[in-house]
Amino acid sequence: MSIELLAQVDALTENGQLRRLSGAFARFIASVGGGSPQLMLACVLLSELEGRGHSCLVLGELSSDPAALLGWSGDEWRALRDTVADWPKNAAAWQTLLAACDQVWAVGDLDFQQPLVLDGERLYLRRYYRDETSVADAVRGRALGGVLAADADAETAEVRRWLDILFPHPARGGDTDWQKVACAVAMRGKLGIITGGPGTGKTYTVARLLALLFATAGERQAGLRIALAAPTGKAAARLKQSIDVALDDLADKAGSALPLRDLASRMGAARTLHSLLGARPNTRAFLHHAGNPLDVDVLIVDEASMIHLEMMSALLAALPAGATLILLGDKDQLASVEAGAVLGDLCHNAEAGAYLPETLSYVHASTGQRIPDSFAGDGGPIAQQTVMLRESRRFGGPIGALALAVNAGHAAAAVEVLRAGEDGKVAWIDPAQPSDLLQLALAGRAGAAGGYQAYLKMIKAGPPEGDEAGHLAWVKTVLTSFESFRILCAVREGEWGVGGLNDVIEQRLQTAGLLKRSGEWYAGRPVMVTRNDYGTNVFNGDIGLTLPDPARPGALRVYFSDGEKVRSVLATRLRNVETAFAMTVHKSQGSEFLHTVLVLPKEKGGMLARELIYTGITRARDYFTLLTPNGQVLLDAIALRTQRASGLRGLLGN
């Protein structure tokens, strides 16, 4: 690595524009096999993009200007590029240069297990190339297996009979019942992908799919092994709770021929993906893998947009070949924090449908529904197993209109909805400084209940005198009150980020006499777990609330809500936590709050894009409030759609 390049990389690192890992990786490649300055700079950028969610580096970006991908100005990129002479002018020149490097394996040549992989016009870290190809192979295999093994007429007739029982009423206005279609398509093979926005009924649909699976299982009904999972504990608990409610409601409709309550009771609790796969402390390996597969017949995974590439690869490897995988999620939400945008790649053509004649014929035979001609096409195997739910039955009104406008990139329409503030459901507040947020954090705003004073007053009053059951009921009430309101931030750092706002909110609540902080731990402190801890059974992203320990005077426990159940851990046993009056939008996925407040910073940044705004809005159930000291940040974010570099879509052939 040239002295000039090294100096410029170090300067950008000190300014916080590069991770230290990026420069260290380039130095490592140089130490094990030499390499040109061009390769070293490519390594810096490849590592940096991986940290920003991209699974590869597209060579066309190298030959033009990757500043936008990195959130840099053009001047910063040019200063870095100018330290390298003989800059390749186009992607073809980069391919030639990289293919000649000892540390790069060009796909199709002899493989010596080099750390870098060149596949056409994409440069990968080897493990991401391995994960991407394994996901593509596994998903395509499941989708093709379903299409080739089309149901016999008798089986299709049985599916039709039960779907008519489970969906007794026609869709509104005689339109296509996409929920019914989704169930039929998922029955076709070993893969089903159901996507849709808030309120479109993804868990409603999958509950009926479960009933359909039970009903058509025949002699296997009693032994049908079904597992429920989600990326976070909160999302897993909500999945199980929603399915239990829906199955209980279905039980009477299905009748004695299908004992749904008994069958549902045999399903275990929904689990996090880490727990399902058997994560091992201090390693990336899992207990379950291709050599030790999961003991399941059907696996249903919710909030699939949060699943990163490496996790999806591990999940598919551990799934038995004969098992059915059902993925649920909103393709328009934020992609995973780590590299990859797997659900987005799988569902990229979901709006169009692109269904083949065989798929249209099967859907009509199994549901009685005719999919409109506008959704016919020549989509690939994944498209044939994907259904997008298109009607929101719950998420309407101003919040729904706002979410739709943002998702469509219509900034003017979004601003109009916000400024109108219809029925107090939505509001736009222009704070001058973070302290202007504090009244909202304390007691909500006019026309929209919320704030943290309600749950803190419950804690101050203390639990009622009585037995353990009474104390547990009090804990649940406090948790429910706390979970009704949340402040979400677009960024972590700075005065408008998680760190700065948590500090000022905590101080304001203490000044109001609602909490008493005498050290790190205090009654009323909400915390987020930041690292998996298998000893205490808490996982990254779990939210808990600190309350007095009824069995130990003066001691504190942190209580976590798991649907209808509550678990707790002594506060002193939790090491990797942070205060969570405010949290990032990323960490809020899988949650829903009665009143959600979204805080945007003064300056735009690389992470501020349409998907983040949409995800923040769709965490709100009844009320949404936007705070930003700079309205242009909102407009710029709505105009920007996140595009993650990936080769998965091409490998899927969808």
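Using this note's numbering, read the sequence shown as starting at 1141 and increasing by one per residue.
Just so you know, even glycine gets a beta-carbon here, dropped at the ideal spot from N, CA and C.
Note that the structure is a prediction, hence the values are computed from the model and not measured.
In the structure shown, Val-1299 falls within a helical segment according to DSSP collapsed to helix, strand and coil. Where Ala-1505 is concerned, the enclosing alpha helix (DSSP H) starts and stops at 1497-1507. In the structure shown, Cys-1487 falls within a coil segment according to DSSP collapsed to helix, strand and coil. For Val-1172, the enclosing alpha helix (DSSP H) stretches over residues 1160-1173. Taking 8 Å as the cut-off, the beta carbon of Ile-1333 is found no closer than this to the beta carbon of Thr-1499.
According to DSSP, residue pairing for Ile-1440 in a beta bridge involves Leu-1368 and Ile-1466. As summarised for the stretch 1216-1294, the continuous alpha helix (DSSP H) elements at least 4 residues long and confined to that stretch are 1231-1239 and 1266-1288, given in chain order.
Of the other Cβ atoms in all chains shown, 16 or more fall within 10 Å of the Cβ of Gln-1509; this residue is therefore buried. For Ala-1720, there is no enclosing beta strand (DSSP E), as DSSP marks it with neither H nor E. Assignment of beta strand (DSSP E) within the stretch 1747-1789, counting only whole runs of 3 or more residues, yields 1760-1767 in chain order. Distance between Ala-1394 and Asp-1384, taken at the CA atoms: about 15 Å. Distance from the Cα of Ile-1466 is smallest, within the candidate group Glu-1298, Gly-1517, Ala-1283 and Glu-1216, for Ala-1283. Ile-1757 is positioned such that its CB atom lies closer than 8 Å to that of Leu-1738. Shortest Cα-Cα distance from Glu-1188 to any of Leu-1456, Ala-1479, Ala-1609 and Asp-1392 involves Ala-1479.
Assigned with DSSP and collapsed to three states, Gly-1640 falls in helix. Runs of the alpha helix (DSSP H) spanning 4 or more residues and lying entirely within the stretch 1511-1590 occur at 1521-1524, 1537-1547, 1551-1560 and 1578-1583, in chain order. Around the C-beta of His-1309, fewer than 16 other C-beta atoms lie within 10 Å, and the residue is accordingly described as exposed. Our two residues, Arg-1784 and Arg-1406, have alpha carbons roughly 40 Å apart in a direct line. In this chain, Met-1451 is not harboured by any beta strand (DSSP E); it is covered by the alpha helix (DSSP H) spanning 1449-1458.
The Cβ atoms of Thr-1343 and Ser-1382 lie closer than 8 Å to each other. Counting of Cβ neighbours within 10 angstroms places Leu-1792 among the buried residues, the total reaching 16 or more. Scanning the stretch 1329-1363 from its first residue to its last, the whole beta strand (DSSP E) runs of 3-plus residues come out as 1331-1336. Looking at the backbone, the Cα of Leu-1379 and that of Ser-1445 are separated by about 15 Å.
At a cut-off of 4 residues, the continuous stretches assigned as alpha helix (DSSP H) that sit fully inside the stretch 1629-1717 are 1638-1651.
Under the three-state reduction of DSSP output, Phe-1625 falls in the strand class.
Judged by DSSP secondary structure, Thr-1153 falls within the alpha helix (DSSP H) whose first and last residues are 1143-1154. Taking C-beta atoms as the reference points, Leu-1265 and Leu-1256 count as a pair closer than 8 Å.
Sequence-distant Cβ neighbours of Val-1773 in its own chain, meaning closer than 8 Å and more than five residues away, are Leu-1740, Pro-1741, Lys-1742, Glu-1743, Lys-1744 and Leu-1748. Pairing Tyr-1674 with Pro-1421 gives a Cβ-Cβ distance under 8 Å. Gly-1200 has its alpha-carbon roughly 37 Å from the corresponding atom of Pro-1497. Val-1477 carries a coil assignment under DSSP once its states are collapsed to helix, strand and coil. By the C-beta density criterion, Lys-1330 is buried, having at least 16 other C-beta atoms within 10 angstroms. With a 10 Å radius around the Cβ and a threshold of 16 neighbouring Cβ atoms, Pro-1538 comes out buried.
Ala-1367 is classed as buried because its beta carbon has at least 16 other beta carbons within 10 Å across all chains shown. Around the beta carbon of Ile-1143, a 10 Å sphere encloses fewer than 16 other beta carbons of the protein chains shown; the residue is thus reported as exposed.
In this structure, Leu-1486 is the residue among Leu-1486, Thr-1223, Gln-1148 and Thr-1316 with its C-alpha nearest to the C-alpha of Ser-1786.
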